[in-house]
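All residue numbers for the sequence shown refer to my numbering, where the first residue is 273 and numbers rise by one.
Glycine included, C-beta positions come from ideal geometry on N, C-alpha and C.
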Amino acid sequence: MAGKTIVVGISGASGAVYAQRLLQLLAVEERVARVHVVVSSGGQRVLREELGISCREAEQIPAVLVGRAADKFEYLHNANIGASIASGSYPTDAMVVIPCSMGTLGAIAGGISDNLMRRAADVHLKEGRPLLLCWRDTPLNQIHLENMLRLARAGATIYPINPGYYHGAETLTELVNQFCLRLLEKLGLPQDKQYQWKGTKG
Ligand SMILES: Cc1cc2nc3c(=O)[nH]c(=O)nc-3n(C[C@H](O)[C@H](O)[C@H](O)COP(=O)(O)O)c2cc1C
């Protein structure tokens, strides 16, 4: 069975560490053959602000985030609206935008496909493929809420970066890790190390 092809968009919202952990997990996930990574200029800014990551060549971003080179990653420039993932004829299994800014979320909700990340998200919706939008912002205004409802109705999964606390994580690293393990399950990649609630006596 061929491995999955996943698209990861990194936009300019806070929460870059979640994108980093997701890419690290995808790098070692044997059921994933290809990961296309697209980063907005806002995303690059947040990678710099939050993780201190600044690459002379943007193509290096996945390897720098993961900590090593991985052949399965392909960096695609956000301005390249002619890249593979801009077309529904190119087979992918799912797309995640993590972290997803309210700007990118609003553009996708409005069908505005003026960069590769937005176009690829639009393609996932029109092709009926999974699109997970992992936003962090708080509080939400009415425009954000309406955009989210519109996207949910169009088939997207509105997936707040809102980790659980019932698994007893004691560090931020483990909190982020558990969030990303659960996210992988939503991509059809269940993880052995994902915490499962066993139930308690009431
Ligand atoms: C450090 C930093 C953190 C930010 N956090 C958020 C955020 O959590 N949510 C958001 O919608 N925008 C956030 N922004 C603003 C966006 O980056 C900005 O609106 C940008 O234009 C979004 O464009 P993009 O979606 O194409 O990346 C942040 C900006 C910076 C520099």
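Quiz item: Taking DSSP as the reference, what is the three-state secondary structure of P334?
Solution: helix
Practice problem: Give me every residue whose Cβ sits closer than 6 Å to any heavy atom of ligand 1, in chain order. | Solution: S283, G284, A285, S286, S312, G314, G315, R317, V318, E321, S373, M374, G375, T376, R408 and D409
Quiz item: Below 8 Å between beta carbons: does that hold for Y347 and E331?
Solution: yes
Quiz item: Start and end of the beta strand (DSSP E) containing G281?
Solution: K276 to I282
Quiz item: What residue does the alpha helix (DSSP H) around H439 start on, and which one ends it?
Solution: No alpha helix (DSSP H) holds H439; DSSP gives it neither H nor E.
Quiz item: Three or more beta-carbon pairs under 8 Å between the region 384-396 and the region 431-448, yes or no?
Solution: no
Quiz item: With 16 other CB atoms within 10 Å as the buried threshold, where does W469 fall?
Solution: exposed
Self-check item: Length of the line joining the Cα atoms of E442 and T364
Solution: 36 Å
Quiz item: For Y467, does the three-state DSSP call read helix, strand or coil?
Solution: coil
Self-check item: Whole-Å CB distance - V280 paired with V307, under 8 Å assumed
Solution: 6 Å
Quiz item: What three-state label does DSSP hand T445 in the structure shown?
Solution: helix
Quiz item: Where DSSP assigns a beta bridge to V369, which residues make up the other side?
Solution: G281 and L405
Quiz item: Under 8 Å, do V304 and K276 count as touching if we go by C-beta distance?
Solution: yes
Exercise. With a cut-off of 8 Å on the beta carbons, I'd call P371 and A291 a contact; round off their distance for me.
Key: 6 Å
Quiz item: Who does Y347 pair with in a DSSP beta bridge?
Solution: V309
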